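Colleague:
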Amino acid sequence: MSAHGIPTPMSRLRLTGLTRAELTDLMIQWGEKPYRAQQLWSWVFVKLADSVEAMTDLSKPFRVRLAEEIAPLRPRAISHRVSADGTEKWLLACDDETVMETVFIPETNRGTVCVSSQVGCSLACPFCRTGTLPLKRNLTAAEIVEQVTFVRATMAERGVRVTNVVLMGMGEPLYNLEAVTRAVQIIKDGNGLAIGCRKLTISTSGVVSRMAEAGRNLDINLAISLHSVRDAVRDQLVPINKKFNLAALRQAALAWPLRGRGRVTWEYVLLDGINDAPEDARELVLWLRGIPSKVNLLGFNPWPGAPYSPSSRDTILRFQEIVANAGIVTIIRDSRGADVGAACGQLAGDADSDDRKYS
Ligand code: SF4
Numbered sequence: 012m013s014a015h016g017i018p019t020p021m022s023r024l025r026l027t028g029l030t031r032a033e034l035t036d037l038m039i040q041w042g043e044k045p046y047r048a049q050q051l052w053s054w055v056f057v058k059l060a061d062s063v064e065a066m067t068d069l070s071k072p073f074r075v076r077l078a079e080e081i082a083p084l085r086p087r088a089i090s091h092r093v094s095a096d097g098t099e100k101w102l103l104a105c106d107d108e109t110v111m112e113t114v115f116i117p118e119t120n121r122g123t124v125c126v127s128s129q130v131g132c133s134l135a136c137p138f139c140r141t142g143t144l145p146l147k148r149n150l151t152a153a154e155i156v157e158q159v160t161f162v163r164a165t166m167a168e169r170g171v172r173v174t175n176v177v178l179m180g181m182g183e184p185l186y187n188l189e190a191v192t193r194a195v196q197i198i199k200d201g202n203g204l205a206i207g208c209r210k211l212t213i214s215t216s217g218v219v220s221r222m223a224e225a226g227r228n229l230d231i232n233l234a235i236s237l238h239s240v241r242d243a244v245r246d247q248l249v250p251i252n253k254k255f256n257l258a259a260l261r262q263a264a265l266a267w268p269l270r271g272r273g274r275v276t277w278e279y280v281l282l283d284g285i286n287d288a289p290e291d292a293r294e295l296v297l298w299l300r301g302i303p304s305k306v307n308l309l310g311f312n313p314w315p316g317a318p319y320s321p322s323s324r325d326t327i328l329r330f331q332e333i334v335a336n337a338g339i340v341t342i343i344r345d346s347r348g349a350d351v352g353a354a355c356g357q358l359a360g361d362a363d364s365d366d367r368k369y370s
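Reading the sequence shown from the start, the letters are residues 12 to 370 in my numbering.
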């Protein structure tokens, strides 16, 4: 399969990786009327059909052709765990049996799907369980989109709404930008999944060289794994900082196209004795000056072999107070799904993971 969802001799067509315009072109190539594209699109992205058989208003010959030529519309769930706080995590098998990890986080006024963009990660941030896994491969646009259709269909059966999508699962999305851009285009389509720009967020560890292109092409919210505003400390916590330092990251964040009253979200995991002193908070405030910002403070859940310890609750509260008193929205993000290995920093592609991930 090409990144565009067009079939190669070895694979079948993945409708979930096509934009609406491409699906229309395909129907014309097949000798079908253009309205077929709208029918199909609606079955896949609005009615969330999981098979061709469900598409009852399509003619029998057309359904037979579809059944022969297209790949399954849904990945296969090989594991499903539900946290005491309602967070759910699935391991979803791709065609080649690669496993991608997807999380749903229910909140009072919204339901967020956290999708993976890669299997494993090449960046090896030492506080992140995903970083202990080698990069296996990039996910295709179809595989990224199918994480959303899978969760939305699952939740629809229970009457639960999926309103937001964050590209914060396994992997560095800017190292898979072509597929991510295509997936975002499909997820945003107002005649399909219709998840708007303000409800979509991409999270990066700071791949500065790709941020300008991503900002231009994606037109969605930005979150950045910051964790320290001292280069010497960030070099350790987010090793890509050795390539793109804090000054470069700051410039790239300033250039991100924010909508209206939008802000850049900065993720900051508090690690005991590493980045959690009042002085760190004061330096953070100075560093953020001039950037419309929101800070998410994350507690650390240690995992077996993790080289860090969590900051105390008092330390976290003191850190928050300093940053918030400077007029910056600062939220302590309580861990969601930690008991089922679904929290930030825990995604490790195995059903028994109980560790965390933060990007
Ligand atoms: S924090 Fe993000 S970029 Fe760093 S290793 Fe984990 S998944 Fe990769």
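Even for Gly, the Cβ is constructed at its ideal location relative to N, Cα and C. Just so we're clear, the structure is a prediction, and the values are computed from it rather than from any experiment.
Please report the distance separating the alpha-carbon of residue 317 from that of residue 140.
Modeller: For residue 317 and residue 140, the distance between alpha carbons rounds to 8 Å.
Colleague: What do you get for residue 266, buried or exposed, if any count of 16 or more other CB atoms within 10 angstroms of its CB means buried?
Modeller: Under this definition residue 266 is an exposed residue.
Colleague: What does the alpha-carbon distance come out to for the pair residue 217 and residue 65?
Modeller: Roughly 43 Å between the two C-alpha positions.
Colleague: Measuring only the C-alpha atoms, how far is residue 53 from residue 325?
Modeller: Answer to the nearest angstrom: the Cα atoms are 51 Å apart.
Colleague: Suppose contacts are defined by Cβ-Cβ distances below 8 Å. Is residue 333 in contact with residue 303 by that definition?
Modeller: Not closer than 8 Å, so no.
Colleague: Taking 7 Å as the line, does the beta carbon of residue 142 fall inside it for any heavy atom of ligand 1?
Modeller: Residue 142: yes, Cβ under 7 Å from ligand 1.
Colleague: Given this structure, state the Cα-to-Cα distance separating residue 76 from residue 43, to the nearest angstrom.
Modeller: Their Cα atoms are separated by approximately 12 Å.
Colleague: Skipping 5 residues on each side, what residues in its chain have a beta carbon closer than 7 Å to that of residue 331?
Modeller: Hits under 7 Å: 308, 341 and 343.
Colleague: For a test of your reading of the model: does the CB of residue 182 fall under 7 Å from any non-hydrogen atom of ligand 1? Yes or no.
Modeller: Checking the Cβ of residue 182 against ligand 1 gives yes.
Colleague: Sorry if obvious, but does the Cβ on residue 150 come closer than 7 Å to a heavy atom of ligand 1?
Modeller: Not under cutoff, so the answer is no.
Colleague: Please classify residue 91: is it buried, with 16 or more other beta-carbons within 10 angstroms of its beta-carbon, or exposed?
Modeller: Counting Cβ neighbours within 10 Å, residue 91 comes out exposed, since fewer than 16 surround it.
Colleague: Should residue 277 go down as buried or exposed, given a rule of 16 or more other Cβ atoms within 10 Å for buried?
Modeller: When all chains shown are included, residue 277 counts as buried.
Colleague: In terms of alpha-carbon separation, which member of 215, 227, 196 and 247 lies closest to residue 152?
Modeller: Selected option, being the one with the closest Cα: 196.
Colleague: Thinking just about the alpha-carbon of each residue, which of 247, 189, 143 and 255 is nearest to the one in residue 315?
Modeller: Among 247, 189, 143 and 255, the Cα nearest to that of residue 315 is on 143.
Colleague: Alpha carbon to alpha carbon, what distance is there between residue 67 and residue 50?
Modeller: Rounded to the nearest angstrom, the two C-alpha atoms are 11 Å apart.
Colleague: Mind checking residue 212: buried by the 16 CB within 10 Å criterion, or exposed?
Modeller: Its Cβ being crowded by 16 or more others within 10 Å, residue 212 is buried.
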